[in-house]
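Just below is one structure, and these are the notes that go with it.
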Amino acid sequence: MSRVLSTEQAKSAITQVQSIINGGFTDQISALDAQGKILSDPNTWDGPLAAQFRGSTWPETKAALDKARQELEELRTQLQKISENIFSAGGGA
């Protein structure tokens, strides 16, 4: 038989992780994306370093941010499912 344990501390940590993902972190990723788009416009910012930013720095960073956002959403979904399963199995609220 495998052990199933979920303390109030675990429940609180799951809630906090979900809250960070839902409220703060993904919003910050969106804010970074918006500013990156502004800086990628040569009518707003131009020059050799700006061109480097547009050509490689920002596209690579944006791809990493998009991947992080996707993985955070997957984590949030997994935590929700795990939490529901553990607390229903254990009779917890």
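Residues in the sequence shown are numbered consecutively from 5, following my numbering.
C-beta atoms are modelled at their ideal positions from N, C-alpha and C, and glycine is treated no differently.
Predicted, not measured: the structure shown is a model, and the values here were computed from it.
Using C-beta distances below 8 Å, list every residue in its chain close to residue i, excluding the 5 sequence neighbours before and after it, in chain order.
{"i": "Ser87", "result": "Ser10, Lys15, Ile18"}
{"i": "Asn114", "result": "The requested residue 114 does not occur in the structure, where the chain is confined to residues 5 to 97."}
{"i": "Asp45", "result": "none"}
{"i": "Ala55", "result": "Pro46"}
With residue i and residue j assumed to form a contact (beta carbons below 8 Å), what rounded beta-carbon distance in angstroms separates them?
{"i": "Gly98", "j": "Thr65", "result": "No information on residue 98 is available, as it lies outside the stretch 5 to 97 that the chain covers here."}
{"i": "Leu69", "j": "Leu43", "result": "At roughly 14 Å, the Cβ-Cβ gap does not stay under 8 Å, so Leu69 and Leu43 are not in contact."}
Taking the straight line between their C-alpha atoms, what separation do you get for residue i and residue j?
{"i": "Thr30", "j": "Arg7", "result": "33 Å"}
{"i": "Gln22", "j": "Gln82", "result": "10 Å"}
{"i": "Ile33", "j": "Gly59", "result": "20 Å"}
{"i": "Glu75", "j": "Trp49", "result": "31 Å"}
{"i": "Gly51", "j": "Glu78", "result": "39 Å"}
{"i": "Gln20", "j": "Lys85", "result": "15 Å"}
Which residues mark the beginning and the end of the alpha helix (DSSP H) in which residue i is found?
{"i": "Thr48", "result": "Unbroken run through Thr48: none, as it is neither H nor E."}
{"i": "Ser2", "result": "Past the edges of the chain, shown from 5 to 97, lies residue 2, and the structure says nothing about it."}
Output needed for residue i: all residues of its chain with C-beta closer than 6 Å, excluding positions within five of it in sequence on either side, in chain order.
{"i": "Ile90", "result": "Ser10"}
{"i": "Ile25", "result": "Leu76, Arg80"}
Is any beta-carbon of chain B found at less than 8 Å from that of residue i?
{"i": "Glu75", "result": "Note that chain B does not occur in the displayed structure, where there is just one protein chain."}
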